[in-house]
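One structure is given here, and the rest of the page talks about it.
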Amino acid sequence: MVDFSFSDEEQILRDNVRDLLSEVLAPRSDEIDRKCSIPRDVIMALAENKLLLMNMKPEFGGSGATNVMTAIVVEELARADPSVATAVFYLVEAAWGKKLEKYGNKEVAKEVLTRAAKGEGFVGIASTEPQSGSDVAGFRTISKKENDHWIINGEKAYISGIKEAKEVDGGYVLLTMTKPEERSRGMTVFYLPVNSPGITYGFYEDMGRCGISTGWLKLKDVKLPDEYRIGEVNKGFKIAMEGFDRARVFVAAGCIGPALGLLDYVVDYLKKRVVFGKPLAKFEGIQFPIVDHWAKLEAIRLLVYKAAWAMDKFDAGEMSLLEAARYSAMAKALAPEESVLAIQEFMRSLGAFGYTKETPLERALRGVMSYFVGAEGGQHIMRIILASDLFGREFSPTKD
C-alpha cells in the first residue's frame, strides 16, 4: 500500500521550521506587508538555520535537501507569512540557483551560491519581457559573442527581487537569444550580476506580496565573461524549462500554505463568533463551503508533494523531465486557483470583519493572486502544457 506520510526526517524538518517561523516570521508578517521589506534578521535567521538554498550540494552552500524538503519549507514560510513575500524570496533562489549549480561554471556557481546561502547574496530569474512572458522562445534580449566575452542588449520585466539583489550585489539567471530566428533552438542562458555596467532598472508597485520588490531591467551593451554562461550555447531552452518545472512545484506549495494556515484561523473565529444565539460554526451554510475547500486544498496538497517527489525522481535519473513536468504543471494549474477561491470564501464567512486589514486574509489574497494571474507560467499556459501532453503536441495551439 502507498504510504502518504512524510519520513521522520521530513516531519522533523517541518516541525523545526514551523517552530522557528512562529518566532521570527509570523509575528512580523503584517510589518513585512506594510513596510514592503523583509527584515534582514529574518533572512539571516533562515541562513543561520541552513534553510536558504538548502537544496544545493554542500560544496555550493546547501545540504543536498530534496525537492520534497524544499517544498515543505516553502509551505511553512507561506503559512507564517501569508502575503507569500518571504516564500517568493526563498523559492526563486531554490529553483533557479539549482540551474547555476547544475549547468554553470563551477567556480562562479560556488562563489554566487555560497554567498546567497549565507544570506549575503541573492539569485533570481530574469526571463519575462514586456512583449513576451510565457512565449519564452519569443524573447528579444540578444546575446552576441565577441572574443572571450558576450554583449547583451534587451529588456526584462516583472522581475522579483531587484531591490534585494542590488542591496547584496546579487544577480539573476538570464534568458537570452543567440539565434532568435531559431526560437527554442537559439536560446542561451547566463548569470547576470545585477550591478553590471550598462544595466538600468526601475520598479512596479504590486498590489500584493509587497515584502519583495518587482521591477524591470534594461540592458545596453552589458558585457559578461564567457564564464558566466550557463550551459551550452543555443541549448538554453531545456535549462529554462527545467527551471520553470522546478519553480512551479515550489510556487504551488507557496499557494497552498496560506490557505491551509488561514483555515485554522477562520475555524477558530467561527467557533467563537455568536449570531442568533449560537456560534457561526453551527450553521451549515457556513460549514459546507469551508469543508469543501478544506477537502480540495488537501487533495491539491497531495498533488504538490507528488510533483516534488517527481522532480526528485528526475534529479536521480529515474524519471524523464516530461513526466515530472506533468505533475508540476498540474500543481501550478490548481493550487493558485483553489487558494484564491478558498481565501475568498474565508473572507465571506467572516463578514465585514473579513474585509478589514485586521485579519491576515486580505494580504494573503493579494499575495496568492500574483501566482493566479501569472508567474512561472499563467494558468492557461499550464493547461496548454497538459493538453499537449494528453492529446499530443500536434494538437497544441502554440504549434504551427
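So the sequence shown is residues 14 to 413, counted in the working numbering.
For glycine and all other residues, C-beta sits at the position ideal for the given N, C-alpha and C.
Quantities reported herein were computed from a predicted structural model and do not represent experimental measurements.
Cβ-based burial, residue i [other Cβ within 10 Å; buried from 16]
i	result
Leu-232	buried
Gly-208	One detail in the question is off: residue 208 reads as Asn in this sequence, not Gly. Classification of Asn-208: exposed, given that the 10 Å Cβ count is below 16.
His-306	buried
Arg-406	exposed
Glu-89	buried
Thr-213	exposed
Met-220	exposed
Ala-329	exposed
Ala-253	buried
Ser-9	In the structure as shown, the chain starts at 14 and stops at 413, and residue 9 therefore has no counterpart that could be examined.
Lys-291	exposed
Arg-339	buried
Lys-158	exposed
Arg-379	buried
Pro-95	buried
Leu-119	Going by the sequence as given, residue 119 is Lys instead of Leu. Counting Cβ neighbours within 10 Å, Lys-119 comes out exposed, since fewer than 16 surround it.
Ser-35	exposed
Beta-carbon separation (whole angstroms), residue i vs residue j, contact threshold 8 Å
i	j	result
Thr-99	Ile-138	Wrong, their Cβ atoms sit about 17 Å apart, outside the cutoff.
Gly-256	Val-186	7 Å
Phe-102	Glu-177	7 Å
Ala-60	Leu-33	Going by Cβ atoms, the distance from Ala-60 to Leu-33 rounds to 12 Å, so no, they are not a contact pair.
Ile-172	Gly-249	17 Å between Cβ atoms; not a contact.
Glu-168	Leu-230	7 Å
Three-way DSSP call (helix, strand, coil) for residue i in this model
i	result
Thr-141	coil
Met-190	strand
Val-97	coil
Met-200	strand
Asp-54	helix
Pro-210	coil
Ser-226	coil
Phe-17	coil
Ser-401	helix
Lys-63	coil
Ala-38	Per the sequence shown, the amino acid found at residue 38 is Leu instead of Ala. Leu-38: coil per DSSP, three-state reduction.
Pro-373	coil
Leu-491	It is not possible to answer for residue 491, since the shown part of the chain is limited to 14 through 413.
Glu-180	helix
Gly-364	helix
Val-246	coil
Phe-327	helix
Ala-388	coil
Ser-173	strand
Asn-68	coil
Ser-156	strand
Asp-234	strand
Phe-216	strand
Glu-44	helix
Asn-80	helix
Gly-117	coil
Lys-131	coil
Pro-410	coil
Gly-221	coil
Distance CB(residue i)-CB(residue j) smaller than 9 Å
i	j	result
Ala-260	Glu-350	no
Gly-74	Leu-65	yes
Glu-180	Asn-247	no
Ser-42	Arg-376	yes
Ala-108	Phe-263	yes
Ile-299	Ser-362	yes
Gly-132	Leu-126	no
Ile-155	Lys-236	no
Met-82	Ala-130	no
Val-105	Gly-184	no
Gly-274	Arg-92	yes
Lys-48	Gly-174	no
Tyr-384	Val-87	no
Ala-265	Leu-310	no
Ser-76	Ile-394	no
Leu-335	Lys-251	no
Thr-141	Ala-170	yes
Phe-152	Leu-113	no
Val-304	Phe-359	no
Ala-321	Asn-80	yes
Phe-17	Arg-27	no
Leu-283	Ala-294	yes
Ala-308	Met-324	no
Leu-347	Ile-397	no
Ala-84	Val-317	yes
Gly-211	Asp-182	no
Check: residue i C-beta below 8 Å from any heavy atom of the ligand GTP
i	result
Ala-139	The ligand GTP is not part of this structure, which contains no ligands at all.
Would the segment 184-204 and the segment 235-255 be scored as touching if the rule is three or more Cβ pairs under 8 Å? Segments in contact, yes.
Would you call the segment 361-372 and the segment 336-353 in contact, with 3 or more CB pairs under 8 Å? Using a Cβ-Cβ distance cut-off of 8 Å, the segment 361-372 and the segment 336-353 are not in contact, since fewer than three pairs of beta carbons, one from each stretch, lie closer than that value.
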